[in-house]
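Okay, so the sequence shown: first residue is 3 according to my numbering, each after it adds one.
Take a look at the structure set out below.
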Amino acid sequence: MDWNRTKTILILTFLVFNIFLASDLFKKQTELSEIEQQKQVTIEDQLKNLNVTYEKNLPVQSEKMSFISGDVHKFTEKEEKTLEEGTSQDITLDEEKLVSTLKKPFPISDPKVGSAYSIFLETYVYEGGKYQYYGPAENNPNIVYFVETFEDRPIYSQESGMLIVTLEDDKVVSYTQTYLSLQKIGKERKIDPASETIGLLLNQQDIGLNDKVEDMSIGYYTTVENEDERDTFVFVPTWHVVVSNKKTDDPVDNYYVNAIEKTVFSEPEENTENGQDEKDTDQPDPSKPESVTSDK
Numbered sequence: 003m004d005w006n007r008t009k010t011i012l013i014l015t016f017l018v019f020n021i022f023l024a025s026d027l028f029k030k031q032t033e034l035s036e037i038e039q040q041k042q043v044t045i046e047d048q049l050k051n052l053n054v055t056y057e058k059n060l061p062v063q064s065e066k067m068s069f070i071s072g073d074v075h076k077f078t079e080k081e082e083k084t085l086e087e088g089t090s091q092d093i094t095l096d097e098e099k100l101v102s103t104l105k106k107p108f109p110i111s112d113p114k115v116g117s118a119y120s121i122f123l124e125t126y127v128y129e130g131g132k133y134q135y136y137g138p139a140e141n142n143p144n145i146v147y148f149v150e151t152f153e154d155r156p157i158y159s160q161e162s163g164m165l166i167v168t169l170e171d172d173k174v175v176s177y178t179q180t181y182l183s184l185q186k187i188g189k190e191r192k193i194d195p196a197s198e199t200i201g202l203l204l205n206q207q208d209i210g211l212n213d214k215v216e217d218m219s220i221g222y223y224t225t226v227e228n229e230d231e232r233d234t235f236v237f238v239p240t241w242h243v244v245v246s247n248k249k250t251d252d253p254v255d256n257y258y259v260n261a262i263e264k265t266v267f268s269e270p271e272e273n274t275e276n277g278q279d280e281k282d283t284d285q286p287d288p289s290k291p292e293s294v295t296s297d298k
């Protein structure tokens, strides 16, 4: 047997086989890419046909995110003392809630800009760097609220993990804080791209004729409705889509879409009695911000 010749034949055979496999893989990847492009074109066509516009380019997300859990933090006397000694504020604790009154109001250069609160948050608030500006109360611009974040992603529609700031003459005079101890649970999973989320809302007719996508961001959401009965929450990666239509009675709709399982969460229902809203209209509703911004 001519071993060298046999070896050469085997090498050539494996080389041809590898070329075939590489060619087949490239073909499949090309087909998948074309399918994704067709989906994108279809969504773009739908948006054009319905005269749906968006304020800016849709976010492009290729990252992976995991579910997270949050334990309600119960503030301690040690934390109270540390804040009072380090800053000029009077603090009252109610287990999971911290209420502060500043002895000397803290000036904010522009109350509508999130970054203007940076020094205040870092100096006066427990773990203040983990909160993100979310917007003013709908009926009272002097009440501004912030939401807690995990790896710079906001926690949507959650009263545990919120900072409510009261202003007077563009100065912070007091605030109320709740806090969640957050951590990842389970393995990371690929999140749906923004275009697929828009497509889902189009198919469900949540986005329709002449609508405008005002904003779209990725964060976390929980379906738990009764917060008073729980100390731990599980949050899923969620797209928050803000949609407006000037031709309808309700100018802004907020949609929360599970970024992994392609489901749309319902907003919490307001408590009513005899048709009247029981909520204080001067207090912010964390599920329905006047505006959403990630300015930090």
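Where is the CB? At the ideal position from N, CA and C, for every residue including glycine.
Values in this document were obtained by computation on a predicted structure and should not be read as measured data.
- DSSP places residue 136 in the strand class (E or B) of the three-state scheme.
- Rounded to whole angstroms, the Cβ separation of residue 74 and residue 182 is 6 Å, and the two are in contact under 8 Å.
- Residue 175 and residue 107 do touch by the CB rule: their CB atoms are close to 5 Å apart, below 8 Å.
- DSSP, reduced to helix, strand and coil, places residue 111 outside both helices and strands of the structure shown, so it counts as coil.
- Under the DSSP assignment, residue 69 falls in the beta strand (DSSP E) whose first and last residues are 66 to 74.
- The stretch 233 to 241 makes no contact with the stretch 81 to 93; the number of CB pairs closer than 8 Å stays below 3.
- Per the coordinates, the alpha-carbon of residue 163 lies some 22 Å from the alpha-carbon of residue 88.
- Counting C-beta atoms within 10 angstroms of its own C-beta, residue 96 has fewer than 16 neighbours from the protein chains shown and is therefore classed as exposed.
- Taking 8 Å as the upper bound for CB-CB distance, residue 236 and residue 111 are not in contact here, some 38 Å apart.
- When only Cα atoms are considered, residue 149 and residue 211 end up about 32 Å apart.
- Per DSSP, reduced to three states, the secondary structure at residue 177 is strand.
- The three-state secondary structure of residue 264, taken from DSSP, is coil.
- With a cutoff of 9 Å on beta-carbon distance, residue 60 and residue 261 are scored as not near each other.
- When the five nearest sequence neighbours on each side are left out, the beta carbons in the same chain lying within less than 7 Å of the beta carbon of residue 55 are those of 214, in order along the chain.
- Counting only the Cα atoms, residue 92 lies some 32 Å from residue 222.
- DSSP, read as helix, strand or coil, puts residue 60 in coil.
- Secondary structure of residue 188 (DSSP, three-state): strand.
- The residue among 234, 204, 147 with its C-alpha nearest the C-alpha of residue 137 is 147.
- Between residue 190 and residue 68, the C-beta gap is smaller than 9 Å, which places the two residues in contact.
- When the five nearest sequence neighbours on each side are left out, the beta carbons in the same chain lying within less than 7 Å of the beta carbon of residue 109 are those of 172, 173, in order along the chain.
- For the options 65, 220, 180, 152, the alpha carbon positioned closest to that of residue 187 is the one of 152.
- Looking at 102, 105, 135, 103, the one whose alpha-carbon comes closest to that of residue 118 is 135.
- With fewer than 16 other Cβ atoms inside 10 Å of its own Cβ, residue 76 counts as exposed.
- If you draw a 10 Å sphere on the C-beta of residue 131, you find fewer than 16 other C-beta atoms in it, and that means exposed.
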